[in-house]
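Numbered per my numbering, the sequence shown spans residues 3 to 135.
Built from N, CA and C at the ideal position, the CB exists for glycine as well.
Here the structure is a predicted model, which means the values were calculated and not measured.
Okay, structure first, notes after.
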Amino acid sequence: MSTTYSFTTTLNVPYETAIEQTTAALKKEGFGILTEIDVKETLKKKLDVDFQRYIILGACNPPLAYQALQAEPEIGLLLPCNVIVYEAGPDSSVVSIVDPLTMLGIVDNEALSSVAEEARTRLTRVLEDLAHS
Numbered sequence: 003m004s005t006t007y008s009f010t011t012t013l014n015v016p017y018e019t020a021i022e023q024t025t026a027a028l029k030k031e032g033f034g035i036l037t038e039i040d041v042k043e044t045l046k047k048k049l050d051v052d053f054q055r056y057i058i059l060g061a062c063n064p065p066l067a068y069q070a071l072q073a074e075p076e077i078g079l080l081l082p083c084n085v086i087v088y089e090a091g092p093d094s095s096v097v098s099i100v101d102p103l104t105m106l107g108i109v110d111n112e113a114l115s116s117v118a119e120e121a122r123t124r125l126t127r128v129l130e131d132l133a134h135s
């Protein structure tokens with residue numbers, strides 16, 4: 003399933019396993035996790051509301067980030083690539099990855115096209131790897 007700004011797959015694994023598998027698949031494609039935002043915990047702490055288990059992972063591929071920053075210093079506003087994992091049921095989790103072409107496409111700089119294409123190719127492989135594991 004895909005929206006206009008992301009690629010999404012549903013995994014038949016528990017939430018914690020989905021996070022582990024997603025992190026490993028990203029690493030295989032050269033992405034590390036720079037940030038982790040536990041949305042459930044944050045909403046409980048800040049608003050005292052209950053929310054499903056949901057994490058935002060800030061994924062970065064340093065060589066691609068460097069190329070993008072060389073082409074457009076302000077591109078840091080759109081980095082890192084966000085990946086979300088949330089619990090859809092007891093043994094079901096959703097993984098969604100932002101489409102770099104959409105994110106970097108809002109900047110009018112042709113030099114970013116190849117970086118966005120490469121990031122998209124790698125992130126698409128991450129999702130394919132997850133869907134087949």
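Using the C-alpha atoms, what's the distance from residue 126 back to residue 30? Reading the sequence shown from its first residue, position 28 is the one you call residue 30. Reading the sequence shown from its first residue, position 124 is the one you call residue 126. Cα to Cα, the separation comes out at about 12 Å.
Where do the ends of the alpha helix (DSSP H) carrying residue 88 lie? Counting from one through the sequence shown, the residue named residue 88 turns up at place 86. Segment 83-91 is the beta strand (DSSP E) holding residue 88; no alpha helix (DSSP H) there.
From 33, 71, 55 and 26, residue whose alpha carbon lies closest to that of residue 131: Taking the sequence shown and counting its residues from 1, one reaches residue 131 at position 129. The shortest C-alpha separation from residue 131 is found at 26.
Three-way DSSP call (helix, strand, coil) for residue 127 in this model: Position 125 of the sequence shown, counted from the first residue, corresponds to residue 127. Three-state DSSP puts residue 127 in a helix.
Excluding sequence positions up to five away, which residues of its chain have a Cβ less than 8 Å from the Cβ of residue 78? Along the sequence shown, one-based indexing puts residue 78 at 76. In chain order, 71 place their CB closer than 8 Å to the CB of residue 78, counting only its own chain and leaving out the 5 sequence neighbours on each side.
As a quick exercise: from 114, 122 and 133, pick the residue whose alpha carbon is nearest that of residue 76. As a first step, residue 76 must be located in the sequence shown, where it is residue number 74. Closest by alpha carbon: 114.
Residue range of the beta strand (DSSP E) that residue 38 falls in? Residue numbering aside, residue 38 sits at position 36 when the sequence shown is read from its first letter. Here the beta strand (DSSP E) through residue 38 covers 34-40.
Using the Cα positions of residue 12 and residue 81, report the straight-line distance between them to the nearest angstrom. As a first step, residue 12 must be located in the sequence shown, where it is residue number 10. As a first step, residue 81 must be located in the sequence shown, where it is residue number 79. About 24 Å.
Would you identify the three-state DSSP class for residue 57, choosing helix, strand or coil? Sequence index remark: in the sequence shown, residue 57 carries index 55 (1-based). Note: residue 57 maps to strand in three-state DSSP.
Beta-carbon proximity list for residue 55, same chain, < 7 Å, skipping 5 on both sides: Taking the first residue of the sequence shown as position 1, residue 55 is located at position 53. If we look at residue 55 and ignore the five residues flanking it on each side, its Cβ neighbours are 17, 42, 88 and 89.
If you draw a straight line from the alpha carbon of residue 34 to that of residue 49, how long is it in whole angstroms? In the sequence shown, counting from the first residue as 1, residue 34 sits at position 32. In the sequence shown, counting from the first residue as 1, residue 49 sits at position 47. Roughly 30 Å between the two C-alpha positions.
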